[in-house]
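*Asks:* I'd like to ask some things about the structure below.
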Amino acid sequence: MCGIVGILGSQPVAPLMLDALRRLEYRGYDSAGIATLEDGELMRQRAPGKLNNLQGVLASRPLAGTTGIGHTRWATHGAPTENNAHPHAAKGVAVVHNGIIENFRELREELEQAGCDFETETDTEVIVQMISCELADGKSPVDAVKATLKRLDGAFALGIIFSGEQDLMIGARRGSPLAVGHGEAEMFLGSDAVALAPFTNKVTFLDEGDWVVLTRKSVHIFDENGAPVKRPVRFTKATAYMADKGNHRHFMAKEIAEQPEVIGHTLGEYIDMGEKRVKLPDLPFNFAGLSRLTITACGTAYYAGLAAKYWFEQVARLPVDIDIASEFRYREAPLAEGGLSVVISQSGETADTLAALRYCAEQGQHTLGIVNVQDSSIARDCDAIMPTYAGPEIGVASTKAFTCQLTVLACLALAAARDRNTITAERERELVSALLKVPRQIADMLRHEDDLKRIAKKLTDATDVLFLGRGINYPIALEGALKLKEISYIHAEGYAAGELKHGPIALIDKDVRVIVIAPHDALYEKTVSNMEEVAARGAKIVLLTDEINGNGNGSGTFEQFRVPKANAFVNPILYAVPVQLLAYHAAVFMGTDIDQPRNLAKSVTVE
Ligand code: F6R
Numbered sequence: 116m117c118g119i120v121g122i123l124g125s126q127p128v129a130p131l132m133l134d135a136l137r138r139l140e141y142r143g144y145d146s147a148g149i150a151t152l153e154d155g156e157l158m159r160q161r162a163p164g165k166l167n168n169l170q171g172v173l174a175s176r177p178l179a180g181t182t183g184i185g186h187t188r189w190a191t192h193g194a195p196t197e198n199n200a201h202p203h204a205a206k207g208v209a210v211v212h213n214g215i216i217e218n219f220r221e222l223r224e225e226l227e228q229a230g231c232d233f234e235t236e237t238d239t240e241v242i243v244q245m246i247s248c249e250l251a252d253g254k255s256p257v258d259a260v261k262a263t264l265k266r267l268d269g270a271f272a273l274g275i276i277f278s279g280e281q282d283l284m285i286g287a288r289r290g291s292p293l294a295v296g297h298g299e300a301e302m303f304l305g306s307d308a309v310a311l312a313p314f315t316n317k318v319t320f321l322d323e324g325d326w327v328v329l330t331r332k333s334v335h336i337f338d339e340n341g342a343p344v345k346r347p348v349r350f351t352k353a354t355a356y357m358a359d360k361g362n363h364r365h366f367m368a369k370e371i372a373e374q375p376e377v378i379g380h381t382l383g384e385y386i387d388m389g390e391k392r393v394k395l396p397d398l399p400f401n402f403a404g405l406s407r408l409t410i411t412a413c414g415t416a417y418y419a420g421l422a423a424k425y426w427f428e429q430v431a432r433l434p435v436d437i438d439i440a441s442e443f444r445y446r447e448a449p450l451a452e453g454g455l456s457v458v459i460s461q462s463g464e465t466a467d468t469l470a471a472l473r474y475c476a477e478q479g480q481h482t483l484g485i486v487n488v489q490d491s492s493i494a495r496d497c498d499a500i501m502p503t504y505a506g507p508e509i510g511v512a513s514t515k516a517f518t519c520q521l522t523v524l525a526c527l528a529l530a531a532a533r534d535r536n537t538i539t540a541e542r543e544r545e546l547v548s549a550l551l552k553v554p555r556q557i558a559d560m561l562r563h564e565d566d567l568k569r570i571a572k573k574l575t576d577a578t579d580v581l582f583l584g585r586g587i588n589y590p591i592a593l594e595g596a597l598k599l600k601e602i603s604y605i606h607a608e609g610y611a612a613g614e615l616k617h618g619p620i621a622l623i624d625k626d627v628r629v630i631v632i633a634p635h636d637a638l639y640e641k642t643v644s645n646m647e648e649v650a651a652r653g654a655k656i657v658l659l660t661d662e663i664n665g666n667g668n669g670s671g672t673f674e675q676f677r678v679p680k681a682n683a684f685v686n687p688i689l690y691a692v693p694v695q696l697l698a699y700h701a702a703v704f705m706g707t708d709i710d711q712p713r714n715l716a717k718s719v720t721v722e
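Take any residue in the sequence shown, note its place counting from 1, add 115, and you have its number in our numbering.
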């Protein structure tokens, strides 16, 4: 999940690559680097940390040259130091790499025995050394890369340039995304279309196993067996628009604030406003004959799927198997041919989710992707997609994409219920009306953000924070805990409220804060009893509920926040917002790097 860019250009490329890397920083920001050919000679500048560090280095020691490759790194093998930063270079060759070379240890041993000296701890360096050895043996650059690719196991995308070869760049894709951008006597490589958007909107997405030989005027693509292949040139809608923070201090704050608008937009795509009924695009399958539905995703997207399980089972009476993609892909789950698998992903590039999708397709399942990035690998590989219309999400912690995923899934569950005759038109209208109120209800809540800010401060001295929810709000407890830990680094866990007494209650003492998600739904009384149990053991409780009163909400409540009262069907979407804001403001108080938290990346294209 590093970002790659390559340019065979007509003007100095280093500034252009820096700009493209900025758009790729969501993929990793541990270190960055650029290599160019200055009069045919390979020159490199690299810097640990964020791209600004590389920008500083380039300001004092600029790189000339119209041919270059660049990289922003999310470290897998080797610490995020300058030495381990890409591009890696050996005699005659420089490489940028996204992904993991699984057999790098054997290859490294073999190369060391043959006399190669390694400079870094990275898996990437074996690629560089192998190509360099093949060149030294007299092979052409193309043959050297071809021979090297045959030896590599793992998932990767590569960009390669060679000293003395001003008009040559080679790219390769196995498992990690890579796109070719077609310019006017210029050619580009990039991890995604957004990186290439300022240069061209004519893009070819390489297929699995493809590798490509580029000059300024030609593109030759080969499949994994070395046979020449044609891949379509698409006109992408990706824009060079680098989202700005507007009046907000962080992208995350802006993205939380955008939710009324983007959820409204998403609803507009899937609801017939006049009829107050769900209207979906034509899908190549029907829910009527299904016996089960499989959902896979990772992280926050997985929690959206978990909430959807309640919708599908309760409203459409359709049993759902849901799993984390990294588990599912190796679980060898038996899937009925002709069944339906749904994958959920903001980026559309998450390696485990993509692998899960491919497994489902191999089992003969129909595949539906709920994705935010419509040009992504997952979007392209699915039989059908239902986009979330959240717009670009820049903050690493997912917020608006999550609530838009929930919105799409709620609409899909209603459509499934209609196909399966488990809902009346009247009930569908009632639930659609509840969905249509959500944007305004979120806007109402956002007006009380200061209350959540005040409460968030009281989380910052806690040793642990537990989030409790029941039923369809249990996934929101999990999401609240994930959000808090990933951006504030405060330890947090989400639990099903009824599960607490089976172990986790042992953690409770006065230094633990407990966030209870308790709308007045069918499970309210039970959740309040669980709250009383933790209150009795000294925990400080923050209650998120829809009716605040002096005595009915249980004793021991430390703080309360009122969420608008709504049909229980839409509560997961509504309650997602206060847990996002609690995490955001706690992180502001903790002084962490909110949009780019440590050790994370926006797009996880490695397993
Ligand atoms: C958490 C977060 C991650 C992602 C996960 C899946 O805030 O953003 O947990 O949800 O990495 O990413 P996508 O949705 O791009 O597949």
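Here a beta-carbon is modelled for each residue, glycine too, at the ideal position from N, C-alpha and C.
From a predicted model like this one, the values you see are computed outputs, not experimental measurements.
Based on Cα-Cα distance, which residue from L395, F314 and V309 lies nearest to E301?
*Replies:* Per the Cα distances, F314.
*Asks:* Return the chain-ordered list of same chain residues with a C-beta closer than 7 Å to the C-beta of A205, the five sequence neighbours on each side being excluded.
*Replies:* The answer, listed in chain order, is V243, Q244 and S247.
*Asks:* Work out the CA separation of H481 and E442 for me, nearest whole Å.
*Replies:* In a straight line, the C-alpha of E442 is about 20 Å away from that of H481.
*Asks:* On the criterion of 16 or more Cβ atoms from any shown chain inside 10 Å, does Q228 qualify as buried, or is it exposed?
*Replies:* Answer is exposed; the Cβ neighbour count stays below 16.
*Asks:* Give the range of the alpha helix (DSSP H) segment to which D438 is assigned.
*Replies:* It is not in any alpha helix (DSSP H) - D438 instead sits in the beta strand (DSSP E) that spans V435 to I439.
*Asks:* I'd like the span of the alpha helix (DSSP H) that includes N87, first residue to last.
*Replies:* In this structure the chain extends from 116 to 722, so residue 87 is not present and cannot be described.
*Asks:* The beta strand (DSSP E) spanning H186 covers which residue range?
*Replies:* Counting along the chain, the beta strand (DSSP E) containing H186 begins and ends at T182 to R188.
*Asks:* Can you pull the DSSP bridge partners for P343?
*Replies:* Paired residues: F337.
*Asks:* List, from N- to C-terminal side, the beta strand (DSSP E) runs of 3 residues or more that fit wholly inside the segment 288-317.
*Replies:* Qualifying beta strand (DSSP E) stretches, in chain order: 294-297 and 302-305.
*Asks:* Assuming K283 and T330 make a contact with CB atoms under 8 Å, what is their CB distance in whole Å?
*Replies:* The residue asked about is misnamed: residue 283 is Leu in this sequence, not Lys. About 6 Å separates the two Cβ atoms, so the contact holds.
*Asks:* Cα-Cα, which of S513, N588, I630 and I122 is closest to D636?
*Replies:* Comparing Cα positions, the closest option is N588.
*Asks:* Going straight from the alpha carbon of V719 to that of R142, what length do you get?
*Replies:* About 7 Å.
*Asks:* Please report the distance separating the alpha-carbon of L597 from that of E608.
*Replies:* Rounded to the nearest angstrom, the two C-alpha atoms are 7 Å apart.
*Asks:* If A129 and G183 are in contact, beta carbons under 8 Å, what's the gap, nearest whole angstrom?
*Replies:* Indeed, because the Cβ distance is near 6 Å, the residues count as touching under 8 Å.
*Asks:* What does the alpha-carbon distance come out to for the pair K625 and G586?
*Replies:* Computed Cα separation, rounded: 27 Å.
*Asks:* Out of R220, N199, N218 and E217, which has the shortest C-alpha to C-alpha gap to V210?
*Replies:* Considering only alpha carbons, the answer is N199.
*Asks:* In three-state DSSP terms, what is V721?
*Replies:* Looking at V721 - three-state DSSP - the assignment turns out to be coil, as it is neither helix nor strand.
*Asks:* Who pairs with T151 in a beta bridge, going by DSSP?
*Replies:* DSSP output for T151 lists M158 and G183 as bridge partner(s).
*Asks:* Less than 8 Å separating the beta-carbons of D436 and T468?
*Replies:* Their beta carbons are not under 8 Å apart, which means D436 does not touch T468 by this criterion.
*Asks:* Starting from L659 and walking both ways along the beta strand (DSSP E), at which residues does that stretch end?
*Replies:* Start and end: K655 to T660.
*Asks:* Is it the case that the segment 285-296 contacts the segment 305-312, given that we only count it when at least three CB pairs across the two stretches are under 8 Å?
*Replies:* Verdict: yes, contact present.
*Asks:* So F517 and E594 are supposed to be a Cβ contact under 8 Å. How far apart are they, rounded?
*Replies:* With 8 Å as the limit, F517 and E594 qualify as a contact, their Cβ atoms being about 7 Å apart.
*Asks:* With 16 other CB atoms within 10 Å as the buried threshold, where does F350 fall?
*Replies:* The residue is exposed, with fewer than 16 neighbouring Cβ atoms inside 10 Å.
*Asks:* Skipping 5 residues on each side, what residues in its chain have a beta carbon closer than 7 Å to that of L433?
*Replies:* Taken in chain order, the residues that qualify are F402, L405, L408, F427, A531 and R535.
*Asks:* Do you know offhand how far I709's Cα is from I371's?
*Replies:* Whole-angstrom Cα-Cα distance: 13 Å.
*Asks:* DSSP on E564, reduced to helix/strand/coil?
*Replies:* Correct three-state label for E564: helix.
*Asks:* Measuring from the CB of L139, is there a heavy atom of ligand 1 at a distance below 7 Å?
*Replies:* No, the Cβ of L139 stays beyond 7 Å of every heavy atom of ligand 1.
*Asks:* For the segment 517-546, list the alpha helix (DSSP H) runs that are entirely contained and at least 4 residues long, ordered along the chain.
*Replies:* None, since the segment 517-546 contains no complete alpha helix (DSSP H) of that length.
*Asks:* Select from N487, V486, L450 and T411 the residue whose C-alpha is nearest the C-alpha of G479.
*Replies:* Checked all of N487, V486, L450 and T411; the closest Cα to G479 is L450.
*Asks:* In this structure, how does DSSP classify Y610 when only helix, strand and coil are distinguished?
*Replies:* Looking at Y610 - three-state DSSP - the assignment turns out to be strand.
*Asks:* Leaving aside the five residues before and after Q281 along the sequence, list all residues of the same chain whose C-beta is less than 7 Å from its C-beta, in chain order.
*Replies:* Correct list, in chain order: L152, G155 and T182.
*Asks:* T263: beta carbon under 7 Å from a heavy atom of ligand 1?
*Replies:* Incorrect: T263 has no Cβ contact closer than 7 Å to ligand 1.
*Asks:* In whole angstroms, what is the alpha-carbon distance linking L250 and G506?
*Replies:* Going from the Cα of L250 to the Cα of G506 covers about 45 Å.
*Asks:* Give a yes or no on whether the C-beta atoms belonging to V458 and T503 are separated by under 8 Å.
*Replies:* No, these two residues do not count as a Cβ contact at 8 Å.
*Asks:* Under 7 Å: does the beta carbon of K332 sit that close to some heavy atom of ligand 1?
*Replies:* Outside the cutoff, so no.
*Asks:* Can you check DSSP and say which residues form a bridge with Q675?
*Replies:* Q675 pairs with L658.
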